[in-house]
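Protein chains in written order, with this note's numbering: chain S, 1 to 301; chain Z, 302 to 602. We put the CB at the ideal spot given by N, CA and C, even for glycine. Computed from a predicted model, the values in this text were never measured in an experiment.
Here is the structure:
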């Protein structure tokens, strides 16, 4: 296979990497042109402005994951049903230029009559499987909308979205706690974070545990600078409380160092160990999907 | 006993009622001068501007409940520890003018090392006990910060705060759902509300159930005008899920008609029936506390 141009076009950023024929990153770019900043009809122009040089120079195949495939994106790549692995996803690509540029579909699944969706995370999960050489795994992608993903035989069987990061931001910025919390999050306060996780794991509703950030402050049992860490522990602990984890299990955490560190700490309270994978999971996933397409690509182009 | 001037001075409003010697409301006033709008040192002036005529005319004893007794209020009435009933509260009044004007203290309790507090609700609870002739009860005061209160032998034994109304407002106004939800809540959509309650009662975390408002809308299974009712069902359902309720039990709901209707609907899904009490609970509670003071008042004045 030739070089691959891997693009992760999300809500708030546009990242690209030029990969060689072994999947190694030759060059990376990150541009503040997330899908939210791009008007309908403007996607091709933005893409060409930033990546045409790479495409022309190398005759590269380009694969795009993330919100660029949503209804508000470049073209809609309809959700692919779970279970789905490399084959199902490769068959459901939405082609912008046949044989040259394609968008990876998101996935949907259903639990008890309620649909769930992801876009972009499926690619990171496939990348993590490649990187770690796993066929079966439980993975979490922490963030604004965290995803918990169960993989069996290299296929995503089901997943669940938890709005952990968004709840943290809402409580941090707009709730009654915003008056008490310091403007800046500061360094992670380990004790306060662990205390928040422990309270959440005891099983009370988040509606109730959140109020403890106020009362512990009112009774001067937690100083204001420790409150952001405590609140972070409460919401991450609530996320973990909701997962059917077995003690001794290993969870793959895909994300930035800041977040994976917190999840590792919190998961330790559930006696679960972690394997961490960084942002390279997206490049690896895109490369692996492209590679699985390789034979049909030569026919198409 | 003489007339009583009952004042409920909360965060966002100042309400007063002149009660005759049987506790009957002779006249009521509601003014947009909640504690948040009053500067330190200005409380006496605001009080006199609106109620001095009543006090002078009748030589009335005045009892105030609510946030006026907080650290940011008129004078601080320190929290009284649970269990607490009429006697404990009457002994812990904070006197502004001995024998004439007093503030009812809030209560605090502790669960598993976490303190909880209320101010104003204790008075409504005592009022509801009087109105319904109860000695033992489980009560809920729905609102921005809902309170669940357990009363035994006419004393508040313990209580818990759940930030249900605040979470609803945060999600409604500031979350990703705000883009999809209509500007106006509109009429309650019974089916959507009940569907939200049912999902919450199944036990998934609020972090996860909230995302269903987005996906049900995305897959066009819930029309946008039904989403506020659905979201209301989710948060109220989450509040109820967290309560150790027995089927067949009765819960006393103290609040406005709009809210008590929703709690009655939601509690029916837990096979619990309700007795509803309105805003008159505060007047009745203040009058009952004043009455229990009556002998000592004549000594003081």
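Taking the alpha carbon of residue i as the reference point, which residue from the options has its own alpha carbon closest?
{"i": "residue 460(Z)", "options": "468(Z), 399(Z) and 420(Z)", "result": "420(Z)"}
{"i": "residue 378(Z)", "options": "390(Z), 546(Z) and 549(Z)", "result": "390(Z)"}
{"i": "residue 361(Z)", "options": "403(Z), 429(Z) and 575(Z)", "result": "403(Z)"}
{"i": "residue 568(Z)", "options": "473(Z), 410(Z) and 552(Z)", "result": "552(Z)"}
{"i": "residue 579(Z)", "options": "337(Z), 558(Z), 535(Z) and 470(Z)", "result": "558(Z)"}
{"i": "residue 4(S)", "options": "16(S), 11(S), 12(S) and 10(S)", "result": "16(S)"}
{"i": "residue 218(S)", "options": "418(Z), 508(Z), 485(Z) and 483(Z)", "result": "418(Z)"}
{"i": "residue 186(S)", "options": "229(S), 36(S), 180(S) and 67(S)", "result": "229(S)"}
{"i": "residue 75(S)", "options": "137(S), 106(S), 231(S) and 86(S)", "result": "106(S)"}
{"i": "residue 30(S)", "options": "20(S), 22(S), 7(S) and 23(S)", "result": "7(S)"}
{"i": "residue 334(Z)", "options": "374(Z), 591(Z) and 364(Z)", "result": "374(Z)"}
{"i": "residue 429(Z)", "options": "572(Z), 554(Z), 595(Z) and 371(Z)", "result": "554(Z)"}
{"i": "residue 546(Z)", "options": "536(Z), 573(Z), 539(Z) and 533(Z)", "result": "573(Z)"}
{"i": "residue 179(S)", "options": "167(S), 206(S) and 214(S)", "result": "214(S)"}
{"i": "residue 296(S)", "options": "125(S), 236(S), 87(S) and 56(S)", "result": "87(S)"}
{"i": "residue 594(Z)", "options": "468(Z), 319(Z), 344(Z) and 364(Z)", "result": "364(Z)"}
{"i": "residue 405(Z)", "options": "426(Z), 482(Z) and 346(Z)", "result": "426(Z)"}
{"i": "residue 207(S)", "options": "534(Z), 496(Z) and 539(Z)", "result": "539(Z)"}
{"i": "residue 356(Z)", "options": "339(Z), 346(Z), 401(Z) and 441(Z)", "result": "401(Z)"}
{"i": "residue 140(S)", "options": "133(S), 276(S) and 45(S)", "result": "276(S)"}
So, does the CB of residue i fall closer than 7 Å to a CB anywhere in chain S?
{"i": "residue 490(Z)", "result": "no"}
{"i": "residue 417(Z)", "result": "yes"}
{"i": "residue 464(Z)", "result": "yes"}
{"i": "residue 479(Z)", "result": "no"}
{"i": "residue 377(Z)", "result": "no"}
{"i": "residue 312(Z)", "result": "no"}
{"i": "residue 540(Z)", "result": "yes"}
{"i": "residue 484(Z)", "result": "no"}
{"i": "residue 385(Z)", "result": "no"}
{"i": "residue 548(Z)", "result": "no"}
{"i": "residue 458(Z)", "result": "no"}
{"i": "residue 369(Z)", "result": "no"}
Can you check whether the C-beta of residue i is within less than 7 Å of a C-beta belonging to chain Z?
{"i": "residue 72(S)", "result": "no"}
{"i": "residue 242(S)", "result": "yes"}
{"i": "residue 208(S)", "result": "yes"}
{"i": "residue 212(S)", "result": "yes"}
{"i": "residue 6(S)", "result": "no"}
{"i": "residue 205(S)", "result": "yes"}
{"i": "residue 170(S)", "result": "yes"}
{"i": "residue 175(S)", "result": "yes"}
{"i": "residue 219(S)", "result": "yes"}
{"i": "residue 166(S)", "result": "yes"}
{"i": "residue 215(S)", "result": "yes"}
{"i": "residue 92(S)", "result": "no"}
When we look at the beta-carbon of residue i and count the other beta-carbons within 10 Å, is it buried (16 or more) or exposed?
{"i": "residue 48(S)", "result": "exposed"}
{"i": "residue 456(Z)", "result": "buried"}
{"i": "residue 485(Z)", "result": "exposed"}
{"i": "residue 209(S)", "result": "buried"}
{"i": "residue 396(Z)", "result": "exposed"}
{"i": "residue 85(S)", "result": "buried"}
{"i": "residue 313(Z)", "result": "exposed"}
{"i": "residue 354(Z)", "result": "exposed"}
{"i": "residue 372(Z)", "result": "exposed"}
{"i": "residue 327(S)", "result": "Past the edges of chain S, shown from 1 to 301, lies residue 327(S), and the structure says nothing about it."}
{"i": "residue 247(S)", "result": "exposed"}
{"i": "residue 517(Z)", "result": "buried"}
{"i": "residue 110(S)", "result": "exposed"}
{"i": "residue 337(Z)", "result": "exposed"}
{"i": "residue 343(Z)", "result": "exposed"}
Tell me whether residue i counts as near the ligand PLP, meaning its Cβ is closer than 6 Å to at least one heavy atom of that ligand.
{"i": "residue 221(S)", "result": "In terms of ligand content, the structure shown is empty, and the ligand PLP therefore cannot be addressed."}
Are the beta-carbon atoms of residue i and residue j separated by less than 7 Å?
{"i": "residue 68(S)", "j": "residue 80(S)", "result": "no"}
{"i": "residue 114(S)", "j": "residue 513(Z)", "result": "yes"}
{"i": "residue 83(S)", "j": "residue 157(S)", "result": "yes"}
{"i": "residue 324(Z)", "j": "residue 367(Z)", "result": "no"}
{"i": "residue 321(Z)", "j": "residue 327(Z)", "result": "yes"}
{"i": "residue 174(S)", "j": "residue 471(Z)", "result": "yes"}
{"i": "residue 138(S)", "j": "residue 150(S)", "result": "yes"}
{"i": "residue 469(Z)", "j": "residue 575(Z)", "result": "no"}
{"i": "residue 498(Z)", "j": "residue 556(Z)", "result": "no"}
{"i": "residue 270(S)", "j": "residue 240(S)", "result": "yes"}
Original post:
Quick check: the region 486 to 500 of chain Z against the region 438 to 453 of chain Z, are there 3 or more CB pairs under 8 Å?
Top reply: Of all C-beta pairs linking the region 486 to 500 of chain Z to the region 438 to 453 of chain Z, fewer than three are shorter than 8 Å, placing the two stretches out of contact.
**OP:** Would you check if the region 418 to 435 of chain Z and the region 517 to 526 of chain Z touch, i.e. whether three or more CB-CB distances between them fall below 8 Å?
**Re:** Because the criterion of three Cβ pairs below 8 Å is not met, the region 517 to 526 of chain Z and the region 418 to 435 of chain Z do not touch.
Original post:
On the three-pair Cβ rule with 8 Å, is the region 495 to 506 of chain Z touching the region 454 to 468 of chain Z?
Top reply: Because the criterion of three Cβ pairs below 8 Å is not met, the region 495 to 506 of chain Z and the region 454 to 468 of chain Z do not touch.
**OP:** Would you check if there are 3 or more beta carbon pairs closer than 8 Å linking the region 554 to 570 of chain Z to the region 586 to 598 of chain Z?
**Re:** No, the region 554 to 570 of chain Z does not touch the region 586 to 598 of chain Z.
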